[in-house]
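Data first, discussion second: the structure below is written as C-alpha cells.
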Amino acid sequence: MNTTSNSSSFHRPIASDCQPGQRFYVRVLRQDGPRKRRYWQRFALEYEADMNCISVLQRIAENPRTDDGRDVAPVAWECNCLEEVCGACTMLINGWVRQACTALVAQLLQDRPGEIELRPMTKFPVLRDLVVDRSRIFAILEKILAWVPVDSYYDLGPGPRQSQEAQQMAYLYSKCMSCGCCLEACPQFLKIELEYREGETPEAYNARLRTANMRAYIGSHAIAQVELFNSNPIGAMNATERLDALVAEGGIQVCGNSQNCVRVCPKGIPLTTAIARAGRAATRHIFRKWFDR
Amino acid sequence: MAKPSVMIVGGGLAGMAAAMKLAELDCEVAVMSLTPLKRSHSACAQGGINSVNNLTRQLGDNEGKHFEDTVYGGDFLQHQPPVKEMADWAPRIINLMDRLGVTFNRTPEGFRDQRRFGGTLYRRTAFAGATTGQQLLYALDEQVRRWEVAGKLRKFEDWDFLGPILDEQGRLRGCVGQDMITMRIRAFPADALILAVGGCGLLFGRSTNSMACNGSAASRAFQAGARYANGEFVQVHPTAIPGADKLRLISESARGEGGRIWVPRKPQDPRPPTRIPENQRYYFLEERYPQYGNLLPRDIATREIFKVCLTEGLSVETDRMCVYLDVTALPREVLDQKLAGILEIYERFQGADPRVTPMKIFPAVHYSMGGLWCDFEANAAGGLNVGSPRNQHTNVPGIFAIGECDYQFHGANRLGANSLVACLFSGLTVAPGVVAYSDNLPGGDARDQTAALYDRATAKYQAEYKALLARPDGGPNPYRLHTELGQLMTRIATVVRHNAELADGYGKICAMEEKARACSLADHGEWANQNVVFLRALQDMFPLAKTIVKGALARDECRGAHYKPEFEMPAVEATDPAERRRQAEAWCERFADNNRRWLKSTVAAWSSDGEPQISYEEVDTRLVRPRPRLYGVVGGDVIEQVWKERERTAKAKAEAVPSASERGPG
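For the record, the sequence lines run as chains A and B. According to our numbering, the first sequence is numbered sequentially starting from 1. According to our numbering, the second sequence is numbered sequentially starting from 1.
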C-alpha cells in the first residue's frame with residue numbers, strides 16, 4: 001500500500017555516520033505573528049543519539065541563542081504525541097512536508113550534510129514561527145458530515161457485522177490524523193488568509209473566514225473521509241448528504257489529479273483510490289439528481 | 001430549570017465521552033483543551049479495550065471475572081463498586097463504539113476480533129489494529145463535531161486551564177483559561193467543571209506520555225482544594241523504545257499476539273539475535289511465570305526486566321539497558337493486520353525492521369494510577385448508583401474528575417487495555433450525575449452569580465501572568481530545570497524505591513521548586529508565548545511531584561507498582577513440609593498485618609504552607625476479600641493453601657458472631 005508513497009523513502013535504515021557531539025546547523029524560518037515579516041535564524045547544535053527534529057527544537061528552547069551569539073525567543077512549534085499519531089508537529093523539513101517527530105537528524109544529515117531547514121507549512125496562515133492555523137481542516141470535516149449519525153448513546157446492542165476486507169479498507173482511511181500534508185502538497189489547495197476589515201468584530205471576521213473556508217477546495221483527506229463514512233453501514237444511511245457536499249463548490253471536481261497527496265501522506269492512506277471511487281460515486285449522484293428532477 | 005452549563009477540561013477519550021453524553025442530555029457544554037481535541041494523548045493508546053464478550057462468556061468468563069482480574073491486578077487498592085460497575089458496562093461501551101464506526105478488527109464471520117492481554121487468561125481485548133486509542137478518539141471527535149455543528153457544544157482548543165472559580169462557600173462557579181495564541185485570559189461561568197486532564201508523565205521528564213500530559217491542570221485543582229489520592233502509584237510500562245525526546249511505547253499487544261521477551265543466556269552475546277540458537281536464549285518471564293508467561297501484570301514484568309538487566313547483568317547491550325521483544329516468529333498477516341501500527345513506530349524511530357530482527361526495549365513511565373480523589377455512591381448489588389451526583393465528584397462541590405486524572409479504577413497497578421474502558425465509562429456515566437448535581441444548586445446557578453466573582457478571578461490570573469512576563473533575566477532556564485526534575489523523579493520514584501533516596505529527593509524537589517520561582521523567560525512577548533505557558537506548567541509540577549514522593553516515602557510496603565525491597569515479603573523456600581507450612585503461616589500473618597496497616601488509599605490535601613498533608617482512607621472491599629497476589633511467588637502454592645484455610649476459619653467465625661447477637665440480651 002505504501003509503495004507509491006514518499007513516506008517510505010523517509011523511513012529507511014539509518015546509516016550511523018552521525019557521532020554524538022558532532023556539530024550541525026538548523027535554519028528556521030521565523031515569523032513573530034500573522035502577516036508579520038518572515039526572517040531566517042540559524043542555530044548550532046550538537047548531535048545526540050536518537051535525535052529527531054523535536055529534540056532539535058527542545059534543545060533550541062533550552063538554549064535560544066543563534067549561531068552568531070544573539071539571544072532570541074525560543075522557536076514556537078506545535079507537538080504532542082511525538083510518535084506520529086497526533087499530526088500536530090507537521091512542518092516543512094528540508095522542503096518536505098512531514099512530522100518533526102519522525103524526522104530523524106541522522107537521516108536528514110545523511111541527505112544534506114551539515115544543515116537542516118525548518119519552515120512552517122505554506123497553505124495555512126502562520127500564527128507564529130512554525131505554528132500554523134489548521135482549523136480549516138476541521139471545518140472541512142464539518143462540511144462533509146464526517147461522523148456516523150447514531151440515534152443515541154444508549155445501549156442499543158452491537159454495530160453491524162463487517163467483513164475483514166471492509167474493516168481493513170476502512171482502517172486505512174480512518175488513520176487520517178488531519179495533519180494537512182496532503183493539502184500542503186496539493187496544487188489545487190490554496191491558502192486562505194483574511195485581514196480584518198476596519199471596524200470588524202471578531203464574530204463577523206470568523207463568519208467571513210468560515211464562508212471562505214466552506215467555499216474553497218476540500219482536499220483529498222476529506223474525499224477519503226467521505227469514502228470512509230459512506231462505506232460504513234450506518235454512515236451510508238446519509239451518504240446522499242455527503243455526496244451533495246462532495247459535488248458542491250470546492251468539491252471533488254477541483255481535484256487536478258496531480259497525485260502529490262498520496263506521495264506525502266505519512267500514514268500511507270490510499271488517497272488516489274479514494275478520489276477515484278468517490279469520483280465515480282459523485283458522477284452517479286449527479287446523474288441521479290438530474291434524472292430525479 | 002435552566003440547562004446546566006458544564007465546562008470540561010481535557011478533550012481526550014474521557015472528556016469527549018462526557019461532552020457528547022452531556023450534549024445528548026441537553027446541557028450547554030464547552031470543552032477546553034491544550035491541543036485540538038483530535039490530537040489528544042488518547043491517540044497513543046495502542047493495544048485495545050477490555051470487555052467480556054460472547055466468545056469469552058462461553059469459555060467461562062463473565063463481568064465478575066473482569067472485575068476480579070482488575071482488583072487482583074491492582075492489588076486490591078481500588079474501591080470495588082466503581083470497578084464492578086465499569087466491568088458491567090464494558091460490553092455495552094464497546095457495542096456503542098462499534099455503532100460509532102470504530103474500525104475494530106474482524107473475524108472471518110464479521111464479528112469483532114479479540115486478543116489476549118496482561119493479567120487475564122481470557123481473550124477479552126477488542127482492538128483496531130495497533131492504534132485502538134486513536135480510532136476510539138477519532139470516533140468521539142466526530143461525535144463532538146456533530147454536536148458542535150448542531151450548536152450544542154463549543155470548543156476552546158489551544159487554551160490553558162488556569163484554575164477553578166469558587167464562591168465564598170467553596171462551590172464551583174466556573175473557571176479561568178488562557179488562549180495560548182492571543183494570550184487572552186477570561187473567565188468561563190459554569191455550573192459544573194469536569195476535569196479530564198489525563199496523567200502527569202512529564203513529571204518524569206521523558207515517558208510514554210504526550211507533551212500535554214504535564215499534570216498542570218490537576219495540580220491547579222489540587223492547589224485550589226481538591227484532594228489527590230494514591231499519587232505514589234505510577235505505572236512503568238515494561239516495553240518502550242528509548243528516544244532523545246520521548247520513550248515510545250511498544251504495546252502489550254505485541255506479547256498478546258505471541259511476542260516473546262528474552263535475553264541471551266551469555267551476557268552481552270555479540271552475535272545478532274537471529275543467530276542465537278533457541279537453547280541459548282533465556283525467556284525469563286516464561287520460565288519464571290509459566291502460567292502467565294509474557295502476559296504478566298505490568299508491574300511484575302517491569303521489575304523482572306529491571307532485575308535481569310541490573311541485578312543479573314544480562315542486558316542485551318553493554319552501555320545501555322535493554323532486552324529483546326521478539327515478534328519475528330509470528331505469521332506475516334498477524335504482523336501486518338494486527339500490529340502494523342506499533343511495528344511502524346519501531347521501524348521509523350529505530351531504523352530496523354522488527355519483522356526480521358527482535359526489538360530492543362526497556363521499561364518507561366507510562367500511567368498514573370493515582371489522581372484526583374473522587375467519591376461514588378454504591379447500590380445494593382455492590383455496583384454504582386449511576387446518575388448519583390456523588391459519582392466522580394471530587395471533594396470540591398461542582399468539580400468532577402474522570403479518566404486518567406482520577407484515582408478510581410486501577411488501584412496499585414492498572415491492567416493493560418483497562419484505561420480506555422475506564423475513560424469511556426467514567427466519561428459516559430459522569431454525565432447524568434452532573435445533570436443531577438446542577439439541578440437546584442444552592443445559591444442559584446452560574447448565571448445568578450455576580451460579575452465581580454468572575455472579574456476578581458480573571459484579575460488574579462492576569463496579575464500572575466503579568467508577573468511571570470516581568471521576571472528579571474538571568475535566572476535558571478525552565479527547560480533545563482524540567483530535565484533535572486525528570487531525572488530525579490525517574491531515579492528515585494519509579495521501579496525500585498528506597499526510603500533514604502526518597503527522603504533526600506524530597507529535599508531536592510523543594511530546592512528545585514524554589515529555583516523555579518526564580519526561572520527567567522527567554523520570551524517576554526504577548527503573542528503565542530509558549531515559554532510562559534511552559535514555565536507556569538513547570539511550577540505546577542512540584543506540588544504533584546512532592547505528593548508522589550511523600551506518599552511513596554510514607555508507604556512502607558510493596559503493593560502493585562510501589563516496590564520497596566526493604567519491605568518485600570520473604571519467599572517460602574523451606575523444603576521440609578512442616579517448616580514450609582510454618583513459613584507460609586508466618587507469611588500469611590505478616591500479609592494480613594500489612595493489609596491492616598496499608599490497605600488504604602493515600603489522600604493528600606494541599607496546605608497553605610506549600611506542603612501536601614497526607615491522610616489515609618479505608619478501601620471499600622465489599623465484594624472480593626483481598627488476598628495475596630501470588631503471580632510466580634516462590635512457595636505460592638503453600639501460601640495459597642494456608643491463606644484459604646485462614647479465610648475459611650475467619651468466615652466461620654464471622655458467621656458465628658451475628659447469630660450470637662441475634663439471640664438478643666438475656
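By construction, the Cβ of each residue, glycine as well, lies at the ideal position given by its N, Cα and C atoms.
Any non-hydrogen atom of the ligand NAP closer than 6 Å to residue i Cβ
i, result
"B:Asn-391", "Absence of the ligand NAP is noted for the structure shown, with no ligands found whatsoever."
6 Å Cβ shell around residue i - same chain, five flanking residues per side excluded
i, result
"B:Tyr-616", "Lys-600"
"B:Lys-38", "Asp-141"
"B:Val-29", "Val-6, Ala-19, Leu-22, Ala-23, Leu-153"
"B:Ala-378", "Pro-81"
Backbone secondary structure at residue i - three-state DSSP
i, result
"B:Asp-299", "helix"
"B:His-410", "coil"
"B:Gln-223", "helix"
"B:Cys-405", "helix"
"B:Gln-350", "helix"
"B:Ala-522", "coil"
"B:Gly-371", "strand"
"A:Glu-46", "strand"
"B:Phe-204", "helix"
"A:Gly-69", "coil"
"A:Asn-52", "strand"
"B:Ala-552", "helix"
"B:Thr-458", "helix"
"A:Trp-147", "coil"
"A:Thr-90", "strand"
"A:Trp-96", "strand"
"B:Pro-665", "At B:Pro-665 the pLDDT is 44, less than 50, meaning the model places this residue with poor confidence and gives no usable figure here."
Cross-chain neighbours of residue i in chain B, by beta carbon under 8 Å
i, result
"A:Ile-234", "Arg-99, Gly-101"
"A:Asp-155", "Arg-92, Asn-95, Leu-96"
"A:Gln-167", "Thr-103, Phe-104, Asn-105, Arg-106"
"A:Gln-253", "Neighbours of A:Gln-253 on chain B: none; closest Cβ ~24 Å, over 8 Å."
Cβ neighbour criterion (16 or more within 10 Å) applied to residue i
i, result
"A:Phe-287", "exposed"
"B:Val-102", "buried"
"A:Tyr-25", "exposed"
"B:Gly-12", "buried"
"B:Thr-494", "buried"
"A:Ser-152", "exposed"
"A:Phe-291", "exposed"
"B:Ala-457", "buried"
"B:Thr-120", "buried"
"A:Ser-163", "exposed"
"B:Leu-59", "exposed"
Bridge partners - residue i, DSSP secondary structure assignment
i, result
"B:Val-29", "B:Val-6, B:Leu-153"
"A:Glu-115", "A:Tyr-25"
"B:Pro-164", "B:Cys-175"
"A:Gln-41", "A:Val-28"
"B:Tyr-616", "B:Thr-602"
"B:Asn-50", "B:Thr-125"
"B:Tyr-324", "B:Trp-262, B:Lys-360"
"A:Val-132", "A:Val-126"
"B:Tyr-282", "B:Val-263"
Where residue i meets chain A, residues with beta-carbon distance less than 8 Å
i, result
"B:Ser-210", "Asn-80, Cys-81, Leu-82, Cys-86"
Amino acids of chain A, ordered along the chain, whose beta-carbon sits closer than 7 Å to that of residue i
i, result
"B:Gln-114", "Under the 7 Å cutoff, chain A gives no residues; its nearest Cβ is about 13 Å from B:Gln-114."
"B:Arg-39", "Asn-80, Cys-86, Gly-87, Ala-88"
"B:Ala-675", "Within the shown structure, residues of chain B are numbered from 1 to 666, placing residue 675 of chain B beyond reach of any answer."
"B:Val-149", "Glu-142"
"B:Thr-35", "Asn-80, Ala-88"
Close Cβ partners of residue i (< 8 Å) along its chain, the five nearest in sequence each way excluded
i, result
"B:Asp-445", "Ala-2, Pro-4, Ser-5, Asp-191, Ser-438"
"A:Val-72", "Gln-41, Pro-64, Arg-65, Thr-66"
"B:Leu-357", "Checking the sequence shown, residue 357 of chain B turns out to be Thr, not Leu. Excluding sequence neighbours, B:Thr-357 sits near Pro-272, Pro-273, Thr-274, Thr-328."
Own chain partners of residue i with C-beta closer than 7 Å, once the 5 adjacent residues on each side are dropped
i, result
"B:Val-435", "Pro-4, Leu-25, Cys-27"
"A:Gly-114", "Phe-24, Tyr-25"
Partners in chain E for residue i, counting only beta-carbon separations shorter than 9 Å
i, result
"B:Asp-88", "Among the protein chains of the structure shown, namely A and B, there is no chain E."
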